[in-house]
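Read through the structure below, which is laid out as structure tokens, and then see the notes.
2 protein chains.
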Amino acid sequence: MSNIREVARIAGVSVATVSRALSHPEKVSDTSKKKVREAIDQVNYRPNMLARNFRSARSFSLLVLVPDISNPFFALVIRSIEIQAQKRGYSVLLGDTQDSSIREQDYIRLVETRLADGIIQLRPMSDNFHESSEFSFPYLHLCASASTPGPCIRVDNVAAFEHIVEYLISLGHTRIGLITGLEGNPHTRDRLKGYKQALSKAGLPYDESLVAGGEYVIWSGVNAANKLCKLPDPPTAIACMNDEMAVGAVQALKANGLDVPNDVSVTGFDDIAYGRYCDPPLTTIAQPADDMGVIALDMMLRMIAGEKLDKEEHILPYAFIGRQSTAPRKQS
Amino acid sequence: MSNIREVARIAGVSVATVSRALSHPEKVSDTSKKKVREAIDQVNYRPNMLARNFRSARSFSLLVLVPDISNPFFALVIRSIEIQAQKRGYSVLLGDTQDSSIREQDYIRLVETRLADGIIQLRPMSDNFHESSEFSFPYLHLCASASTPGPCIRVDNVAAFEHIVEYLISLGHTRIGLITGLEGNPHTRDRLKGYKQALSKAGLPYDESLVAGGEYVIWSGVNAANKLCKLPDPPTAIACMNDEMAVGAVQALKANGLDVPNDVSVTGFDDIAYGRYCDPPLTTIAQPADDMGVIALDMMLRMIAGEKLDKEEHILPYAFIGRQSTAPRKQS
DNA sequence: TCGAAAGATGTAACCGATTACACGCAAGAG
DNA sequence: CTCTTGCGTGTAATCGGTTACATCTTTCGA
Numbered sequence: 422m423s424n425i426r427e428v429a430r431i432a433g434v435s436v437a438t439v440s441r442a443l444s445h446p447e448k449v450s451d452t453s454k455k456k457v458r459e460a461i462d463q464v465n466y467r468p469n470m471l472a473r474n475f476r477s478a479r480s481f482s483l484l485v486l487v488p489d490i491s492n493p494f495f496a497l498v499i500r501s502i503e504i505q506a507q508k509r510g511y512s513v514l515l516g517d518t519q520d521s522s523i524r525e526q527d528y529i530r531l532v533e534t535r536l537a538d539g540i541i542q543l544r545p546m547s548d549n550f551h552e553s554s555e556f557s558f559p560y561l562h563l564c565a566s567a568s569t570p571g572p573c574i575r576v577d578n579v580a581a582f583e584h585i586v587e588y589l590i591s592l593g594h595t596r597i598g599l600i601t602g603l604e605g606n607p608h609t610r611d612r613l614k615g616y617k618q619a620l621s622k623a624g625l626p627y628d629e630s631l632v633a634g635g636e637y638v639i640w641s642g643v644n645a646a647n648k649l650c651k652l653p654d655p656p657t658a659i660a661c662m663n664d665e666m667a668v669g670a671v672q673a674l675k676a677n678g679l680d681v682p683n684d685v686s687v688t689g690f691d692d693i694a695y696g697r698y699c700d701p702p703l704t705t706i707a708q709p710a711d712d713m714g715v716i717a718l719d720m721m722l723r724m725i726a727g728e729k730l731d732k733e734e735h736i737l738p739y740a741f742i743g744r745q746s747t748a749p750r751k752q753s
Numbered sequence: 422m423s424n425i426r427e428v429a430r431i432a433g434v435s436v437a438t439v440s441r442a443l444s445h446p447e448k449v450s451d452t453s454k455k456k457v458r459e460a461i462d463q464v465n466y467r468p469n470m471l472a473r474n475f476r477s478a479r480s481f482s483l484l485v486l487v488p489d490i491s492n493p494f495f496a497l498v499i500r501s502i503e504i505q506a507q508k509r510g511y512s513v514l515l516g517d518t519q520d521s522s523i524r525e526q527d528y529i530r531l532v533e534t535r536l537a538d539g540i541i542q543l544r545p546m547s548d549n550f551h552e553s554s555e556f557s558f559p560y561l562h563l564c565a566s567a568s569t570p571g572p573c574i575r576v577d578n579v580a581a582f583e584h585i586v587e588y589l590i591s592l593g594h595t596r597i598g599l600i601t602g603l604e605g606n607p608h609t610r611d612r613l614k615g616y617k618q619a620l621s622k623a624g625l626p627y628d629e630s631l632v633a634g635g636e637y638v639i640w641s642g643v644n645a646a647n648k649l650c651k652l653p654d655p656p657t658a659i660a661c662m663n664d665e666m667a668v669g670a671v672q673a674l675k676a677n678g679l680d681v682p683n684d685v686s687v688t689g690f691d692d693i694a695y696g697r698y699c700d701p702p703l704t705t706i707a708q709p710a711d712d713m714g715v716i717a718l719d720m721m722l723r724m725i726a727g728e729k730l731d732k733e734e735h736i737l738p739y740a741f742i743g744r745q746s747t748a749p750r751k752q753s
């Protein structure tokens, strides 16, 4: 395999000139550049990036940590990150943590050993995850929560969830069920807070029996909805903390002989593609996945460049999407 | 940042001993290992993997190329690959090609520049993609087709699609629509072949007007189904080349006032999670995503080790999954 | 008791780039 | 004509590991 010395020999210039012709073309005369280019073509030279990265003490890759790649919302965000990273000469290392702090620690080691220049984490900081530790490397939280320390990008989950619950209230619903996500996940906490705020502003009581625990995946929505609709006085609307659980909930309600939205309204969160095509299409909250990637790369590259953005927070706008899974409360 | 020389100094041994203590512990005495361990703890040393990789001329990362990460079936396969890779000390570089050969070429350059040790590509070789070229590096195709040159892992798409169409025929359907994927994609070609074989074995004619072109994404299933159900003599069953298009098709048929499965049966392919929770749940073909990752890593590591597996093909079993989106043909 | 073999350790070359520094040369200022 | 400035180029040190080879010690059989 040819190296820079061979190219230099063939081009009749020094290795420094070859290196500069590739990395700092403006510092090299046109004649030299031409000679270098021809020599490169002749031996089909490709610079060894392992050597370059080693010398420059940078890996030019970013570790993207995600709790579950098969969550379609995360997939959208990752795609955006990946596109932006490639544009700026970075590679994306994928780390699926499966919500395991052991796997997460393993991945963080990648940065300590220089295999990644920084971490973009698509998850709110959970309470039990290295809460108070300070990180000495670029660490950015995407889809974070208000309690996230350090730089983060997020939507206002409290306000967004309050918004969608208020919408249900405006449809006349007074017994509104809630299907939560994983306990300990700050998104869960924020959205729960939004739920409570909406109830309280409307003068409705917070009834714990209307709250069922899920895990942000479809089947947990099924289980939770089954529980809720078997209550003695079941809710007439159910707000779910994400779209996947809402899809599961709709399925479970139908299986129990209930009509969505006429017997029970259901709402989601995230606006994944399937939400638009299920039956009925889901009323939900959309998060700007593409913008998240763009801003994430921007912040990450600034951090890698040495800029300190200790508490920089980007709070992006969310959008309410009304579809057919919600309807005014039936008068019984 | 501490390096191996500093650790050696503090431990009172040579750099070679430190290096061996980490990489070949069996070659070092227990006393030395203990001294090294203590020195490492003392200065919080982490080996610089960029240096190690550079020296060993390996990046210990694999490039996984996927046409679209937000396709839930690919997400499952990637997750499996990622788990297996981590187990064996490899990282996964994610490349979303978006079916663009330019992006694909850019990514292949990552291997030429040593930033990846091999490529696992989750796509059948399209006709227009570097068809005849020989690759000098480990290149493995997953979810490939019969026409893929070089090592690959796949299910028998022809037989699988023939199977599902035969099932529709066994339900009494004689006018069976087909929603295809992207033209030029060998999966599309293979599944079309299976469709034709099933018809021909049953003595049914191949009617081109029953074939509508899609692109393997939801909305294209909507469009195609709209076209099919507006035919003068519409099909009583529609086989879709993947689950996403089937989800879209079901939605479109319902919007046209048709009942699935009583007016029209619909089948998918891949067995994604949403297929089980849509209304009605999809009859489909399951591919063994987890096994694919296991076998892929196995083959890839053998290739990296220098083994030649020019034409090694792993053909994995598929499974027919009968659900409620299919029903016997209504007698009219 | 001696020699060979095995085991532990150290020295230093090496991987392939980047880049600080030195130098030569040409153009422009005084 | 000389001095300065700036551009283009080359030489060689450097990054932090790995490992071939040399050296020294210990063990064990003859």
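Chains A and B are the protein sequences, given in the same order. Each step along the first sequence adds one to the number in the working numbering, with nothing skipped, and position 98 is 519. Each step along the second sequence adds one to the number in the working numbering, with nothing skipped, and position 161 is 582. Ideal Cβ positions, reconstructed from N, Cα and C, are used throughout, including at glycine. Remember, it's a predicted structure, so these values are computed and weren't measured experimentally.
{"Query": "Apart from the five residues on each side of it in sequence, which residues of its chain come closer than 6 Å, Cβ to Cβ, to A581 (chain A)?", "Result": "I706, Y739"}
{"Query": "Return the CA-CA distance between R744 (chain A) and I590 (chain A), expressed in angstroms with no decimal places.", "Result": "16 Å"}
{"Query": "Based on Cα-Cα distance, which residue from A:A660, A:R500, A:S491, A:R430 lies nearest to T609 (chain A)?", "Result": "A:A660"}
{"Query": "By the three-class DSSP mapping on this structure, what secondary structure does S450 (chain A) have?", "Result": "coil"}
{"Query": "If we ignore side chains and look at the alpha-carbon of each, how far apart do S453 (chain B) and L722 (chain B) end up?", "Result": "33 Å"}
{"Query": "Inspect the CB distances between the segment 487-502 of chain B and the segment 438-446 of chain B and report whether three or more fall short of 8 Å.", "Result": "no"}
{"Query": "Ends of the beta strand (DSSP E) at S560 (chain B)?", "Result": "The sequence given here has Tyr at residue 560 (chain B), not Ser. Run containing Y560 (chain B): 560-563, per the beta strand (DSSP E) assignment."}
{"Query": "Output the boundary residues of the beta strand (DSSP E) element that contains E734 (chain B).", "Result": "734-737"}
{"Query": "Where do the N-terminal and C-terminal ends of the alpha helix (DSSP H) with C650 (chain A) fall, by residue?", "Result": "639-650"}
{"Query": "Taking the alpha-carbon positions, what's the M666 (chain A) to E629 (chain A) distance?", "Result": "19 Å"}
{"Query": "I think L483 (chain A) touches L514 (chain A), with their Cβ atoms under 8 Å apart; what is that distance to the nearest whole Å?", "Result": "7 Å"}
{"Query": "Along the segment 447-462 of chain B, where does the CB come closer than 8 Å to a CB of chain A? Name the residues.", "Result": "none"}
{"Query": "Does any residue of chain B have a CB that is nearer than 8 Å to the CB of R500 (chain A)?", "Result": "yes"}
{"Query": "Using three-state DSSP, classify V513 (chain A) as helix, strand or coil.", "Result": "strand"}
{"Query": "Thinking C-beta only, is Y511 (chain A) closer than 8 Å to T518 (chain A)?", "Result": "no"}
{"Query": "Go to F741 (chain A), then tell me how far its beta strand (DSSP E) extends in each direction, as first and last residue.", "Result": "740-742"}
{"Query": "So if I threshold CB-CB distances at 7 Å, which residues from the segment 652-680 of chain B count as touching chain A?", "Result": "V668, G669, Q672, K675"}
{"Query": "With a floor of 4 residues, list each alpha helix (DSSP H) that falls wholly inside the segment 576-663 of chain B, ordered by position along the chain.", "Result": "578-591, 607-622, 639-650"}
{"Query": "With a CB to CB cut of under 7 Å and the five nearest residues on each side skipped, what residues in its chain are close to V671 (chain A)?", "Result": "V681, V687, C699, S746"}
{"Query": "In whole angstroms, what is the alpha-carbon distance linking T657 (chain A) and S491 (chain A)?", "Result": "31 Å"}
{"Query": "Can you tell me whether N549 (chain A) is buried or exposed, with buried defined as 16 or more other CB within 10 angstroms of its CB?", "Result": "At N549 (chain A), the pLDDT of 48 sits below 50, so the modelled position is not reliable; the number obtained from the coordinates is stated separately. It is exposed - the Cβ of N549 (chain A) has fewer than 16 other Cβ atoms within 10 Å."}
{"Query": "Anyone know if the C-beta pair for Y627 (chain B) and K617 (chain B) falls short of 8 Å?", "Result": "yes"}
{"Query": "DSSP state of I523 (chain A), grouped into three classes?", "Result": "helix"}
{"Query": "So the candidates are A:V449, A:D691, A:L652; which of them puts its Cα closest to the Cα of N677 (chain A)?", "Result": "A:L652"}
{"Query": "Could you name the residues that DSSP lists as bridge partners for I499 (chain B)?", "Result": "The partner list for I499 (chain B) (beta bridge, DSSP) is empty, contrary to what the question assumes."}
{"Query": "To the nearest angstrom, report how far apart F741 (chain B) and L674 (chain B) are at their CA atoms.", "Result": "23 Å"}
{"Query": "For T438 (chain A), name the three-state secondary structure that DSSP assigns.", "Result": "helix"}
{"Query": "With distances taken between CB atoms, is the gap from T534 (chain A) to M470 (chain B) smaller than 8 Å?", "Result": "yes"}
{"Query": "Do you know how far the Cα of P749 (chain B) is from the Cα of H594 (chain B)?", "Result": "7 Å"}
{"Query": "Three-state secondary structure (DSSP) at Q542 (chain A)?", "Result": "strand"}
{"Query": "Indicate whether I574 (chain B) and L737 (chain B) have their beta-carbon atoms separated by less than 8 Å.", "Result": "yes"}
{"Query": "Would you kindly check if the distance between the Cβ of Y695 (chain B) and the Cβ of Y695 (chain A) is under 8 Å?", "Result": "yes"}
{"Query": "Shortest alpha-carbon distance to L536 (chain B) belongs to which of A:R467, A:I725, A:M713, A:M662?", "Result": "A:R467"}
{"Query": "Chain A partners of I639 (chain B), CB-CB under 7 Å?", "Result": "A694, Y698"}
{"Query": "Return no unless some Cβ of chain A is closer than 8 Å to the Cβ of D517 (chain B).", "Result": "yes"}
{"Query": "Would you call the segment 708-723 of chain A and the segment 638-651 of chain A in contact, with 3 or more CB pairs under 8 Å?", "Result": "no"}
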